[in-house]
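The structure under discussion appears below in the form of structure tokens.
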Amino acid sequence: MVMLSPNTPAADQDAQQGGGGPAGGEALAGLPDFTTDSYKDAYSRINAIVLEGEQEAHDNYIALGTLISDQAEELARLARMELKHKKGFTACANNLGVTADMAFAREFFAPLHNNFQQALAEGKVTTCLLIQAILIEAFAISAYHIYIPVADPFARKITEGVVKDEYTHLNYGQEWLKANLETVREELMQANRDNLPLVRRMLEQVAADAAVLHMEQEDLMADFLSCYQETLMEIGLSSREIARMAASALTA
Ligand SMILES: [Fe+2]
Ligand SMILES: [Fe+2]
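Numbering (our numbering), first residue to last: 693 to 944.
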């Protein structure tokens, strides 16, 4: 079971090493040097992806509230949490003296953004929920998990708080899809076929910058897939269906 919580032993261990550590160029054991140009350069794109992701999440939950109108209030509550996350991660960039490359991030998110907008225009709740509440949340959770042990102490605290919220968002989508499984199955499969390959590409595109932050691509992929597959299992899909869905990432 790789559903890591922010309080995994590894994170605790690193927290002891890194908590209140020096802000200067003195590298902490196993941690990158947060002050180098190469770190800041990679951070300007990774942080931008995070900011754009949080903004997209906010907009998507508000949009979902127009499709599931009796849930609009709850969805607006989730959306507010996303803006709070964005604020937190903006502070992380400021703390390191980094300016986020938002143009890069918007392009990075464009394919998934466009698919969400199209599904929204067609009133496809299931597809919208799969994209935002399952795929984007699982992507965020896995990225934050892998980031926490190698983050600077300021960002680590913020990220630990955020990842807990993202689980409640993932859970929201999971429970809705579970309650409606018999009617959403087919659309869910198609939405997975259309969007899982995009997430795989996103994980590949981010790999080089993530490595500079000491986040390994294989760990990101493994954490994402384990989170995604466990969610599909909770929704009530069979292991055969889940394997078929995961295989979409390989073929497209
Ligand atoms: Fe968030
Ligand atoms: Fe979220």
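Note that beta-carbon positions come from the ideal geometry of N, C-alpha and C, so glycine has one too.
Query raised in the report: Between which two residues does the alpha helix (DSSP H) carrying residue 807 extend?
Result: As a working note, residue 807 is residue 115 in the sequence shown. Boundaries of the alpha helix (DSSP H) around residue 807: 794–813.
Query raised in the report: Looking at residue 832 and ligand 2, is the gap between the Cβ and the nearest heavy atom below 7 Å?
Result: In the sequence shown, counting from the first residue as 1, residue 832 sits at position 140. For ligand 2, at least one heavy atom lies less than 7 Å from the Cβ of residue 832.
Query raised in the report: Should residue 779 be labelled buried (16 or more other beta-carbon atoms within 10 Å of its own) or exposed?
Result: Counted from its first residue, the sequence shown places residue 779 at position 87. Its Cβ having fewer than 16 others within 10 Å, residue 779 is exposed.
Report task. Assess, as a yes-or-no matter, whether the region 731–745 is touched by the region 897–904 under the definition of 3 or more beta carbon pairs within less than 8 Å. Result -> The region 897–904 vs the region 731–745: in contact.
Query raised in the report: If you follow the alpha helix (DSSP H) that residue 897 is part of, which residue opens it and which one closes it?
Result: Taking the sequence shown and counting its residues from 1, the one referred to as residue 897 is at position 205. Residue 897: member of the alpha helix (DSSP H) spanning 873–897, first to last residue.
Report task. Locate the alpha helix (DSSP H) running through residue 754, then write down its first and last residues. Result -> Within the sequence shown, the letter at position 62 stands for residue 754. Counting along the chain, the alpha helix (DSSP H) containing residue 754 begins and ends at 729–759.
Query raised in the report: Taking 7 Å as the line, does the beta carbon of residue 748 fall inside it for any heavy atom of ligand 2?
Result: In the sequence shown, counting from the first residue as 1, residue 748 sits at position 56. Residue side-chain check: residue 748 keeps its Cβ at 7 Å or more from all non-hydrogen atoms of ligand 2.
Query raised in the report: Applying the criterion that 16 or more other CB atoms from any shown protein chain within 10 Å of the CB defines a buried residue, is residue 729 buried or exposed?
Result: Counting from 1 along the sequence shown, the entry for residue 729 is found at position 37. Around the C-beta of residue 729, fewer than 16 other C-beta atoms lie within 10 Å, and the residue is accordingly described as exposed.
Query raised in the report: Secondary structure at residue 913, three-state DSSP: helix, strand or coil?
Result: Counted from its first residue, the sequence shown places residue 913 at position 221. In the structure shown, residue 913 sits in a helix (DSSP, three-state: H, G or I).
Query raised in the report: Hey, is the region 803–810 in contact with the region 823–834, meaning 3+ C-beta pairs nearer than 8 Å?
Result: Contact between the region 803–810 and the region 823–834 is present, with at least three C-beta pairs closer than 8 Å.
Query raised in the report: By Cβ distance below 6 Å, which residues in the same chain neighbour residue 818 in space, the five residues on each side in sequence not counted?
Result: Numbered from its first residue, the sequence shown carries residue 818 at position 126. Only 876, 879, 880 meet the Cβ criterion.
Query - Proximity test, residue 751 beta-carbon vs ligand 1 heavy atom, cut-off 7 Å - result: As a working mapping, residue 751 is identified with position 59 in the sequence shown. For residue 751, the CB stays at least 7 Å from every heavy atom of ligand 1.
Query raised in the report: Where does residue 928 sit, in a helix, a strand or coil, going by DSSP?
Result: Indexing the sequence shown from 1 puts residue 928 at position 236. Note: residue 928 maps to coil in three-state DSSP.
Query raised in the report: Anyone know if the C-beta pair for residue 913 and residue 842 falls short of 8 Å?
Result: Counting from one through the sequence shown, the residue named residue 913 turns up at place 221. Counting from one through the sequence shown, the residue named residue 842 turns up at place 150. Cβ distance not < 8 Å, so residue 913 and residue 842 don't count as in contact.
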